[in-house]
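**Student:**
Residue numbers (the UniProt record's numbering): 1 to 193.
#1: Can you list, in chain order, the residues of its chain whose CB lies under 7 Å from that of residue 120, leaving out five sequence neighbours each side?
#2: Below 8 Å between beta carbons: does that hold for residue 63 and residue 105?
#3: Ordered along the chain, which non-local residues of its own chain (more than five positions away) have a Cβ less than 7 Å from that of residue 108?
#4: Do residue 133 and residue 183 have their C-beta atoms within less than 8 Å of each other?
#5: If we ignore side chains and look at the alpha-carbon of each, how far apart do residue 50 and residue 129 end up?
#6: Could you check whether residue 173 and residue 69 sit closer than 8 Å to each other, using their CB atoms as the reference points?
#7: What residue from 46, 37, 71 has the CA that sits closest to residue 153's CA?
#8: Residue 93: which of 103, 111, 187, 74 sits nearest, CA to CA?
#9: Please name the residue, chosen from 32, 78, 178, 192, that lies closest to residue 41 on a Cα-to-Cα basis.
#10: Using CA coordinates, which residue listed in 114, 32, 84 is at the minimum distance from residue 103?
#11: Let's see if you can read the secondary structure: which residues bound the alpha helix (DSSP H) around residue 138?
#12: Note down the Cα distance separating residue 136 from residue 189, rounded to an integer number of angstroms.
#13: Per DSSP, what kind of secondary structure is residue 169 in: helix, strand or coil?
#14: Compute the Euclidean distance between the alpha carbons of residue 86 and residue 176, then round it to the nearest angstrom.
#15: So, helix, strand or coil for residue 87, using DSSP?
#16: Taking only runs of the alpha helix (DSSP H) that begin and end inside the stretch 34-81, which ones reach a length of at least 4 residues, in chain order?
#17: How would you call residue 114, buried or exposed, if buried means at least 16 neighbouring beta carbons within 10 angstroms?
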């Protein structure tokens, strides 16, 4: 028997394994099984595609979206302003003219974009998130603050991006992957850093 043997119009045998034609096309298109879960991230190729595709319009307007995101966060959790020296005494109307606020927005959105654009390299993303956890731990940011931010992001994305359930689920798994690695280093005592 050769490498490829024809079975019928809907299947093919390759190296002794019968593959359905739709499955073969799908595997060629995705570069492998699109529903196989990565053991490090817990994400499938479909999840990564959904997150990256839905992120594209956000990234195209990242300063405006990031500004709105942080404004919504501080409206919902005004006590979180204490962790932002540049904002402690500012009203929301003054955020847009504050260069340090803009710099933090750009930093946040750049970090998110890097984490999203490299989802196909989960070991890299895990390391980036551990570094982020370490830097935020030094500032005494708690896990709850990240959970609060996640809620604001999810609500904003549902409202603005009109995400379907599958894409929203992919985002949930992605943020879960990020948070797992952020939380590994977030609460390490300073003397152990």
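Glycine residues also receive a C-beta, built at the ideal position from the N, C-alpha and C atoms.
**Tutor:** Checking against the coordinates, here is how it stands:
#1: The count along the chain shown starts at 1 and reaches residue 120 at position 120. 48.
#2: The residue given as residue 63 occupies position 63 in the chain shown. The residue given as residue 105 occupies position 105 in the chain shown. Yes, these two residues count as a Cβ contact at 8 Å.
#3: Locating residue 108 in the chain shown gives position 108, where the first residue counts as 1. Contacts found: 66.
#4: Numbered from 1 along the chain shown, position 133 holds the residue referred to as residue 133. Numbered from 1 along the chain shown, position 183 holds the residue referred to as residue 183. The answer is yes: Cβ separation under 8 Å.
#5: Working through the chain shown from its first residue, we reach residue 50 at position 50. Working through the chain shown from its first residue, we reach residue 129 at position 129. Using only the alpha carbons, I get a separation of about 20 Å.
#6: By 1-based counting over the chain shown, the position of residue 69 is 69. By 1-based counting over the chain shown, the position of residue 173 is 173. In this structure, residue 173 does not lie closer than 8 Å to residue 69 by Cβ.
#7: Position 153 of the chain shown, counted from the first residue, corresponds to residue 153. Per the Cα distances, 71.
#8: Working through the chain shown from its first residue, we reach residue 93 at position 93. Closest option to residue 93, Cα to Cα, is 74.
#9: Counted from its first residue, the chain shown places residue 41 at position 41. Closest by alpha carbon: 178.
#10: On the chain shown, residue 103 is found 103 positions in, with the first residue counted as 1. For the residues 114, 32, 84, the minimum Cα distance to residue 103 belongs to 84.
#11: By one-based count along the chain shown, residue 138 stands at place 138. Taken as a continuous stretch (DSSP letters only), the alpha helix (DSSP H) holding residue 138 covers 122-138.
#12: By one-based count along the chain shown, residue 136 stands at place 136. By one-based count along the chain shown, residue 189 stands at place 189. If I take the Cα positions, the gap works out to 12 Å.
#13: Taking the chain shown and counting its residues from 1, one reaches residue 169 at position 169. Here residue 169 sits in helix by DSSP.
#14: Numbered from its first residue, the chain shown carries residue 86 at position 86. Numbered from its first residue, the chain shown carries residue 176 at position 176. Near 29 Å, if we compare the C-alpha coordinates of residue 176 and residue 86.
#15: Working through the chain shown from its first residue, we reach residue 87 at position 87. Looking at residue 87 - three-state DSSP - the assignment turns out to be coil, as it is neither helix nor strand.
#16: 45-60, 62-76
#17: Mapped onto the chain shown, residue 114 falls at position 114. Exposed.
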